[in-house]
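A short worksheet on the structure shown next.
There are 2 protein chains.
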Amino acid sequence: MLHTALVLDDDTESATRVADCLRDVGFALVDPVAGSDVAEAVKQDGVNICIVGHRAMSRDGYEIVRDLRDRSPAGIVMLNDSSEEIDVVLALEMGADDYMVKPVRPREFCARIRTILRRTVVTPPNVDGARPVPDGFLRRVDDLEICGVLRLVSVAGRELSLTDSEFDVLMVLAAQTNRVLSREQIIASVKGEGHAITDRLVDGIISRLRRKLFAGETGFKRIRTVHGRGYMLVEGV
Amino acid sequence: MLHTALVLDDDTESATRVADCLRDVGFALVDPVAGSDVAEAVKQDGVNICIVGHRAMSRDGYEIVRDLRDRSPAGIVMLNDSSEEIDVVLALEMGADDYMVKPVRPREFCARIRTILRRTVVTPPNVDGARPVPDGFLRRVDDLEICGVLRLVSVAGRELSLTDSEFDVLMVLAAQTNRVLSREQIIASVKGEGHAITDRLVDGIISRLRRKLFAGETGFKRIRTVHGRGYMLVEGV
DNA sequence: GCACTCTTGACACAAATCGAAACAACCATG
DNA sequence: CATGGTTGTTTCGATTTGTGTCAAGAGTGC
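Just so you know, the protein sequences line up as chains L and G, in that order.
Everything in the first sequence is counted per the working numbering, starting at -4 for the first residue and increasing by one.
Everything in the second sequence is counted per the working numbering, starting at -4 for the first residue and increasing by one.
In structure tokens, the structure reads:
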């Protein structure tokens, strides 16, 4: 249910616009690390979808798309100012799953993203028996370890049992540490969009999480409340 | 690889234009039979991709798209004169894989078709994304061995006898380990679609499976329940 | 600082979901 | 037609989810 996205675009205006769209509909965003191997990072972080501008990380966007496609099954969307046929065709042939002309229309953008995800199989089919062990989807936040695939959590080595909704919320927070997430965003990430649920449910789950995770700990609150805005999982105290 | 396409559009000018494109790049075209059940025909003829106009076969194109998506894994492209955001979003939410505004540009059109086909796995009636199961195949999930042909199962070398329905459900779970499958998906995979059976039957079978397979095991649950969503067979603890 | 308002934490409780077992219907077999 | 095995439904207790409430806390204007 929780999807992770990566936005790469030197056009910062478009990048923030797109990032906001994605966050609103419940995506966790990964920060692009300049100079790093993008495809490798995408694999590492279990990114489901990449948005690439026609120039990104001071490189040619098309090149990045090809690179990503060669080494990752993630969905790829190319953004560009140009609506020329040649540019569209080139992007798609490099391996993009869709091509949109800026400025994107938010609702269409989200709908197209969802369409791609519908077709994206996270683990590529692998017929000959043994599939690779899911080492990915392991998130570490200080001494908190979360395995997204097996849905296991441990704090300081001590393993503990969370309910499914507790786990889902923790996952969302852990995907975006040191960043405030609104209750709406958290619910959207966990339930999908347009679910009729009270905001306050999040409070309840957070309350239970705090007790289970950081029961004995004194002083610092690692899940911090930001009054009027939401919650944040603090990393690197 | 020969692909088969079906063009449905009351706008004959667009239809022929599109059909020509497809033929040029090597598609076999299926003739639409007026009044027939489109989704059924698509299945029958092994169609890989459907092009649907906003009016087709004297019906509303959006309706056709939804119908197709519900009952076929084929790629679907919607064509329309309108470039309104609302129309795009609607089409995609009905299940279209792409939406293009007429008149289509041939090279872009073909590139987009190819992009869809890249993502379209033609897995026969099965949970979507499930890996194709070769005959005579032996699936291994940790110390769990399943022979699909002889319908035998063993855990840690110890062989045990399952009933047919237990075996079927185990097969479905084993085809997609570490991924949550809904009760609907499980029932659909085992019985075929549209079978009038209680969701809860799955619970019963899972319960019996757990007892037979992992009777003595302590601690970790290898068939995991995800509250409100379904079940998951965990691999690689 | 003080009064006021809105937000949050924590708990209690209703509703939904799940696990396991009991039970009825079905089916093949002898 | 009795038997044994399997399938699918029902039931009940246990767990989890989601709502309501109220006291405590945080922000704001004075």
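By construction, the Cβ of each residue, glycine as well, lies at the ideal position given by its N, Cα and C atoms.
- Query: Along chain L, in chain order, which residues have C-beta atoms closer than 8 Å to that of R54 of chain G?
  - Reply: Under the 8 Å cutoff, chain L gives no residues; its nearest Cβ is about 22 Å from R54 of chain G.
- Message: Less than 7 Å between the C-beta atoms of D5 of chain L and R50 of chain L, yes or no?
- Response: yes
- Item | Own chain residues within Cβ distance below 8 Å of A238 of chain G, not counting five before or after | In the structure as shown, chain G starts at -4 and stops at 232, and residue 238 of chain G therefore has no counterpart that could be examined.
- Task: Would you list the residues sitting across from L75 of chain G in a DSSP beta bridge?
- Result: Strictly speaking, residue 75 of chain G in this sequence is Asn, with Leu absent from that position. DSSP, once it has assigned bridges, lists G:V96 as partnering N75 of chain G.
- Item | Contacts of H222 of chain G in chain L (Cβ-Cβ under 8 Å) | T158, D159 and S160
- Query: According to DSSP, what are the bridge partners of Y226 of chain G?
  - Reply: G:L176 and G:T220
- Item | 9 Å Cβ cut-off: residues of chain L touching V229 of chain G | V144, L145 and R146
- Work out the CA separation of E35 of chain G and N173 of chain L for me, nearest whole Å. 52 Å
- Query: Roughly how many angstroms lie between the CA atoms of D32 of chain G and K38 of chain G, to the nearest whole one?
  - Reply: 10 Å
- How many Å lie between A69 of chain L and L112 of chain L at the Cα? 9 Å
- From L165 of chain L to S184 of chain L, what does the alpha carbon distance come to, in whole angstroms? 11 Å
- Proximity test, Cβ basis, 7 Å: R102 of chain L and chain G: yes
- Query: Is any beta-carbon of chain G found at less than 7 Å from that of T(-1) of chain L?
  - Reply: no
- May I ask you to verify whether the region 8 to 24 of chain G touches the region 200 to 217 of chain L, counting CB pairs closer than 8 Å and requiring at least 3? no
- Taking only beta-carbon atoms, is T172 of chain L less than 7 Å away from chain G? no
- Cβ of A36 of chain G within 7 Å of any chain L Cβ: no
- Task: May I have the straight-line CA-CA distance separating R205 of chain G from I200 of chain L, to the nearest angstrom?
- Result: 29 Å
- Entirely within the region 30 to 85 of chain L and at least 4 residues each: give me those alpha helix (DSSP H) ranges in chain order. 33 to 39 and 56 to 66
- Item | C-alpha gap between R195 of chain G and V83 of chain G, whole angstroms | 38 Å
- Message: Check for me: the alpha helix (DSSP H) holding I111 of chain L runs from which residue to which?
- Response: P101 to R114
- Taking only beta-carbon atoms, is L87 of chain G less than 7 Å away from chain L? yes
- Message: I'd like to check one pair, E88 of chain G with E103 of chain L: are the Cβ atoms closer than 7 Å?
- Response: no
- Should A29 of chain G be labelled buried (16 or more other beta-carbon atoms within 10 Å of its own) or exposed? exposed
- Item | Which of helix, strand or coil DSSP assigns to S156 of chain G | coil
- Task: At 8 Å on the CB atoms, spell out the chain L contacts of A106 of chain G, in chain order.
- Result: V83, V84, L87 and E88
- Going by DSSP, which residues form a beta bridge with R140 of chain G? Reading the sequence as shown, one finds Glu at residue 140 of chain G and not Arg. Answer is G:R135 and G:S149, bridged to E140 of chain G.
- Helix, strand or coil: which one does DSSP assign to T213 of chain L? coil
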